[in-house]
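First comes the structure, then the notes that go with it.
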Amino acid sequence: MLKSQLIEKLAAENAHLRHEDVEKVVNVILSEIGEALARGDRVELRGFGAFSVRKRDARKGRNPRTGEPVKVPAKAVPFFKAGKELRARVNGGNDPEAR
0 MLKSQLIEKL AAENAHLRHE DVEKVVNVIL SEIGEALARG DRVELRGFGA FSVRKRDARK
60 GRNPRTGEPV KVPAKAVPFF KAGKELRARV NGGNDPEAR
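Structure representation (structure tokens):
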């Protein structure tokens, strides 16, 4: 689903809200998630999942064209872990990680 499709669906389900208002809400939510991750914070949406930042150490890589070694600097990457309810919904009601 694209962001524009999400906005359209929310606007259709909430006819009492203007399309522009729904678009603003979606943009604010996504912006706040992005800003929290940029600060290194964790964002948890109960029943959906958690967004966090993971650190990748510096390492040696190889240029695929020449094969010569290159230094790859340390970096932070966004990470998403699906929540229990989302995993169950995707797997037809069964959570494969349930013990």
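Read in order, the letters of the sequence shown correspond to residues 0 to 98 in numbering that gives the first Met the number 0.
Glycine included, every Cβ here is placed at the ideal spot set by N, Cα and C.
Residue range of the alpha helix (DSSP H) that includes residue i
{"i": "Leu44", "result": "No alpha helix (DSSP H) contains Leu44, which is instead part of the beta strand (DSSP E) from Val42 to Leu44."}
{"i": "Ala11", "result": "Lys2 to Glu12"}
Residue i: first and last residue of the uninterrupted beta strand (DSSP E) it sits in
{"i": "Arg17", "result": "No beta strand (DSSP E) holds Arg17; DSSP gives it neither H nor E."}
{"i": "Ala81", "result": "Lys74 to Ala81"}
{"i": "Arg53", "result": "Gly48 to Arg55"}
{"i": "Arg58", "result": "Arg58 to Arg61"}
Among the options, nearest to residue i - alpha-carbon criterion
{"i": "Ile28", "options": "Gly82, Arg53, Lys2 and Glu12", "result": "Lys2"}
{"i": "Phe47", "options": "Phe79, Lys8, Gly91 and Asn93", "result": "Phe79"}
{"i": "Leu44", "options": "Gly92, Ala81 and Ala87", "result": "Ala81"}
{"i": "Asp56", "options": "Asn93, Val71, Glu96 and His18", "result": "Val71"}
{"i": "Gly39", "options": "Arg53, Ser30, Ala49 and Asn26", "result": "Arg53"}
{"i": "Lys74", "options": "Glu96, Thr65 and Ala37", "result": "Ala37"}
{"i": "Glu84", "options": "Ala49, Pro63 and Glu67", "result": "Ala49"}
Buried or exposed (CB count within 10 angstroms, at least 16 for buried), residue i
{"i": "Val69", "result": "exposed"}
{"i": "Val76", "result": "exposed"}
{"i": "Val89", "result": "exposed"}
Anticipated Cβ contact below 8 Å, residue i with residue j, distance rounded
{"i": "Arg41", "j": "Ser51", "result": "5 Å"}
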